[in-house]
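Take a look at the structure below.
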Amino acid sequence: MTMKQTLNIQRLPGYAIVQLDHGKVNAIDELMARELAEVFEELEADEKVKGLILAGRPHCFSAGLDVFSLLKGGTAGAKSFWYYYQKALQAMVRFSKPFVCAITGYAPAGATILALAADYRVMGKGLKHVVGMHEFNMSMLIPEMLSDVYAYHLGEQTAWKYVQQARLFNSDEAKAIGLVDESVEVEEVMERAQAQLKRLMKVQLPVYQKSKRYFRKGLLQIVNRDLEQMAGVIAKDAEDPAVQESLKQFLANLKLKSKKPI
0 MTMKQTLNIQ RLPGYAIVQL DHGKVNAIDE LMARELAEVF EELEADEKVK
50 GLILAGRPHC FSAGLDVFSL LKGGTAGAKS FWYYYQKALQ AMVRFSKPFV
100 CAITGYAPAG ATILALAADY RVMGKGLKHV VGMHEFNMSM LIPEMLSDVY
150 AYHLGEQTAW KYVQQARLFN SDEAKAIGLV DESVEVEEVM ERAQAQLKRL
200 MKVQLPVYQK SKRYFRKGLL QIVNRDLEQM AGVIAKDAED PAVQESLKQF
250 LANLKLKSKK PI
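The sequence shown lines up with residues 0 to 261 when you count with numbering that gives the first Met the number 0.
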């Protein structure tokens with residue numbers, strides 16, 4: 000097993016498992032985004048790797064973006080973070096081999112978008128296991144690329160409806176609307192993800208790769224853009240006093256929750 004600072008990479012015969020392993024809740028910061036981009040590009044180029052599973056830990060896929068680090072970095076830090084987050088998303092969408100996401104726990108907001116880069120998603124059942132975009136609960140802006148990915152999967156009208164509702168979905172609900180493909184017990188997620196990956200890997204790789212490119216033209220167009228320019232727009236948007244106030248209020252609420260007795 001190869002261990003990076005935020006990821007563990009396990010190589011098995013013909014495929015790899017990339018596990019998010021960063022702090023208590025696998026929050027996505029710039030370091031994780033950088034490493035995800037690097038690892039997906041490396042595995043794309045590795046001829047021994049015919050497929051990939053992205054997973055979290057049991058009951059924790061990822062809590063989404065690390066808002067603490069976003070606020071601490073100022074405008075320059077925000078621009079750098081969004082560049083690498085979008086670069087990671089780009090590398091994941093561009094990954095031409097079979098790619099299954101094992102959603103082993105909660106995966107809201109930015110984590111949902113990363114999961115939507117996969118070809119197939121298996122999600123574990125659980126009281127707090129949710130996907131979806133709930134940024135409007137905090138009056139937070141969803142950047143254009145993330146909005147486009149969400150709308151690609153749900154359709155613009157439906158995606159916008161759920162964004163306005165700040166709607167989060169459990170695994171059964173997510174399956175019903177097409178955000179995930181399977182809803183299973185947490186203990187079965189990895190087994191089902193591996194079974195699906197192996198099924199997809201039975202297709203001759205050149206056939207799979209060309210077909211994937213043909214069917215996902217729209218998704219590729221969403222990520223094949225000027226990342227530097229888009230990151231700059233997001234960072235500039237974040238300078239708005241109303242956005243800054245929303246972020247600070249969100250962090251204050253998090254700190255308040257952490258102090259409550261269990």
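No residue lacks a Cβ here, since even glycine has one placed at the ideal position from N, Cα and C.
Residue pairing by DSSP places Ser182 opposite Met122 in a beta bridge. In this structure, Val24 lies near Ser61, with their beta-carbon atoms less than 9 Å apart. For Gln220, the uninterrupted alpha helix (DSSP H) run begins and ends at 216 to 222, by DSSP. Going by DSSP, Arg33 is part of the alpha helix (DSSP H) stretching over 29 to 44.
According to the DSSP secondary-structure assignment, His21 is paired through a beta bridge with no residue.
In the structure shown, the three-state DSSP call for Phe249 is helix. With a beta-carbon spacing of about 6 Å, Pro97 and Leu196 fall inside the 8 Å limit used to define contacts. Taking a 10 Å sphere around the C-beta of Glu29, we find 16 or more other C-beta atoms and assign the residue as buried. Per DSSP, Ala108 lies in no alpha helix (DSSP H) segment and is marked neither H nor E. The stretch 67 to 84 and the stretch 117 to 137 do not touch, with fewer than 3 CB-CB distances between them shorter than 8 Å.
A residue is called buried when at least 16 other Cβ atoms come within 10 angstroms of its Cβ; Val92 meets this threshold and is buried. Within its own chain, the residues whose Cβ lies closer than 6 Å to the Cβ of Leu19, once the five positions on either side in sequence are excluded, are Asn25, Gly55, Ser61, listed in chain order. Taken through DSSP and simplified to helix, strand or coil, Asn136 comes out as helix. Looking at the backbone, the Cα of Val129 and that of Arg120 are separated by about 13 Å.
By the neighbour-count criterion, in which a residue is buried when 16 or more other Cβ atoms sit within 10 angstroms of its Cβ, Thr74 is exposed.
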